[in-house]
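All the letters of the sequence shown, read from the start, carry residue numbers 56 to 670 under the numbering used here.
All remarks here apply to the structure that follows.
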Amino acid sequence: MHRPIPYRLRADTLFWMLSWLALAVHLTTFFEASTTPGLMFYQFVLIGTYALMFLFPSWLLSRLSRWLPRGGQFTVQIVMTTLVQLLVYTDGLLWTLYGFHLNGFVWNIITTPGGIAALGSSESSYFGFAMIGFGFLLSQTVLRLLASAVLRFAPRLRLPRMAWVLSLFFIMTLGDRFSYAVSQFYGYTPLLETAQRVPFYQPLTMSRFLDETLGLDRPQSLKIENATLKGQLAYPQAPLYIQPPEKPLNLVWLVSESWRADTLNAYVMPQTTAFSEHALRYQNHFSGGNGTRMGLFSQFYGLPANLWFPVLNARIGSPVIDVLQQQDYQIRLFTSAKFTYPEFDKTLFVRVPPEQMQAFDSAPTWQRDRKNVGDLLDFIDQRDPNKPFMTFMFFESPHANYNFPPESVIEPDYLPDFSYASMDLERDIEGIRKRYLNAVHHLDGQIARVLDHLKAKDLMNDTLIVITGDHGEEFMEHGRWGHNSTFSDEQIRVPMVLWVPGREAQQESLRTSHVDLLPTLLPLLGVQNPGRDYSIGHSLFEPKANRTLIAGDWDRLAFIDEHHKVVVPFANGNFTAMQASQANDNALPNPMQVVQQLLPVIRTELQGFRRFMAH
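This is how it looks when you write it as structure tokens:
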């Protein structure tokens, strides 16, 4: 005969059951309703098992705290389960906004100085998140009180024993693992995509066992070598040989956050658009990434995104900075964000003395931009006119939450209060987009201040000017908002305007890339090496047709040709993790067939930039 379970333990058990149900309901928000019975059952299994797994550390800590007074045990239970709910809520918000879960990229934001500030949260966002946290805390407190109340009114209520729960969990987990492995083997993408919706999902594959041991026939084998680069960095490939020009050119490099290509028009940016008509404008230009880190990296190094990590580890600065310093340029860098996030103080500008770098980030972003532009113009005025200069400016106002002064409003029906905690993308996206357009209109005026000053100081014939964006910004055109989530044109196409003294105006329609910038600028600054020594790109003066462009983010590379886009993870080249679409981001009827066709091109491209890693 079983010994009766004490009331206190039964109340604890009921509380954990209720918390498990509450968390399972919370996890259902990650899924879209399926009409396929098999997928519906698989979702049920995933939700049930992962809800238990997420709660297990809290339950274990609660068991270890049994030496505390009863009130202390209650507190531990409530606080720990609240933290789990908050963690799932945070992951769900990331998934809704950007399409990825908590990962190394998010951890980098949290742990790198300036990372949190880069998100552009407002006071209303912080207040809203505080209320959400309080709501979860209150809900878990109610569940704890409810568990005690139920057992007082129904003392004979039978509860499942832990052995039963563990047995059911084991069976369900085994079924999940086996289902995923078989689906991975046969390429059944609906189940694979369903599994990836769960936070921290850990896949299991059995391809070798099913293929070699059981002798099952796999319908397709789409696999490439690992895209992760290992070994010692060999960059540049050869020491740069510099023959200083008789008349060295100044360099003004203007980059804006989140500046998408189609906003460079006469309505949103009349002054910059007018200037572009007399310069070199690249109308089909792509960033090297869908975020600031890779967008700037591709500009200043001419390399693909997966080389960011070895460059960061080796603390290798940009070749363009080295070339300028060797020719004794006066250098001054300005940002309305921080040089520490992303880690540009350890990469692009690692060799620039701190006194030549100004980060102003303590006011609304449009005010930061205005102050920095004013300081940039002062630098131009106060420099030694007998020596060339280089200045860099990073504008922040077009970054969410899209700040602007009243005089920059061209779209009056914008969302007045931008709060991550309360916004509904389906409801608010048009108002958010109008905020963005107002902010970009303000950017137009700040770029014009720099251009007008250079003209007034009679510097246009002596100065190279780069005007571009780090990446684009999507407003749900393909199901996402912002950037850092997909490689849609809205997230990676950016303006590119070059002013090169002596060159006639040109409107170029061939596809070009940020990796082309270094092979364009360095020869003008005296570098005699071929571009292949320091870039995977081509000179913008000689754009290539029918080429494959490469863009990347924290852990993926996108290979983009005239007709298709194929996305490959760094660390996993098998077909279950690849994605494919048309070049215009529309869906393909058979994406894996396209991946199969493009694998030789992808292998060639991967091999091409492996030359920058010595083995």
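Here a beta-carbon is modelled for each residue, glycine too, at the ideal position from N, C-alpha and C.
Beta-bridge annotation (DSSP): Gly663 is not paired with any residue. The beta-bridge partner set that DSSP reports for Phe444 consists of Gln385. Around the beta carbon of Arg406, a 10 Å sphere encloses fewer than 16 other beta carbons of the protein chains shown; the residue is thus reported as exposed. DSSP places Gly357 in no beta strand (DSSP E); its state is neither H nor E.
Beta-bridge annotation (DSSP): Ile522 is paired with Leu309 and Val552. Per the coordinates, the alpha-carbon of Phe667 lies some 30 Å from the alpha-carbon of Phe389. Runs of the alpha helix (DSSP H) lying entirely within the stretch 559 to 624, each at least 4 residues long, are 572 to 579 in chain order. In this chain, the alpha helix (DSSP H) harbouring Ser117 covers Pro92 to Leu119. Residue state for Phe341 is assigned as strand, using DSSP reduced to three classes. Taking a contact as a CB-CB distance under 8 Å, the pair Pro359 and Ile615 does not count as one, their CB atoms being some 12 Å apart. Beta-bridge partners of Ala635 (DSSP): Val621. Put simply, the stretch 480 to 489 does not touch the stretch 287 to 298. Fewer than three CB pairs are less than 8 Å apart.
Here Gly126 is exposed. Its C-beta has fewer than 16 other C-beta atoms within 10 Å.
By the CB criterion at 9 Å, Thr518 and Val307 fall inside the cutoff. A straight line joining the alpha-carbon of Ala88 with that of Met108 spans about 23 Å. Note: Phe449 is bridge-paired with Val310 and Thr390 in the DSSP secondary-structure output. With contact defined as three or more Cβ pairs closer than 8 Å, the stretch 538 to 553 and the stretch 343 to 351 are in contact. Taking the C-beta atoms as reference points, His569 is found nearer than 9 Å to Gly357. If you look at Ala414, you'll find it in the beta strand (DSSP E) that goes Met412 to Ala414. The DSSP-derived three-state label of Phe530 is strand.
Selection Ser238, Arg252 and Met448 evaluated against Leu259 yields Ser238 as nearest (Cα-Cα).
Beta-bridge partners of Gln132 (DSSP): none assigned.
Within the same chain, Arg336 and Gln338 come within 7 Å of Gln562 by CB-CB distance, once the 5 residues on both sides are set aside. DSSP places Asp433 inside the alpha helix (DSSP H), whose first and last residues are Thr420 to Gln437. Taking Asp610 as reference, the option from Ser417, Asp377 and Asn361 with the minimal CA-CA separation is Asn361.
Comparing alpha carbon positions, the residue from Val139, Leu82 and Ile591 closest to Phe191 is Val139.
Pairing Ser477 with Phe182, the inter-Cα distance amounts to about 10 Å.
For Asp483, the enclosing alpha helix (DSSP H) covers residues Leu480 to Ala511. Rounded to the nearest whole angstrom, the C-alpha separation of Thr523 and Ser463 is 20 Å. Minimum Cα-Cα distance from Pro294 among the listed residues Ser353, Asp377, Ser222 and Ala369 corresponds to Asp377. Between Phe352 and Trp363, the alpha-carbon positions lie close to 7 Å from each other.
Per DSSP, the unbroken alpha helix (DSSP H) holding Glu545 starts and ends at Asp544 to Ile547. Under a 10 Å Cβ-count criterion, Trp150 is classified as buried, with 16 or more other Cβ atoms of the shown protein chains found around its own Cβ.
Under the DSSP definition of a beta bridge, Ile297 partners with Val582. Proximity of the stretch 385 to 400 to the stretch 408 to 416 meets the contact definition, three or more beta-carbon pairs being nearer than 8 Å. For the 9 Å CB-CB criterion, Ser452 and His508 do not form a contact.
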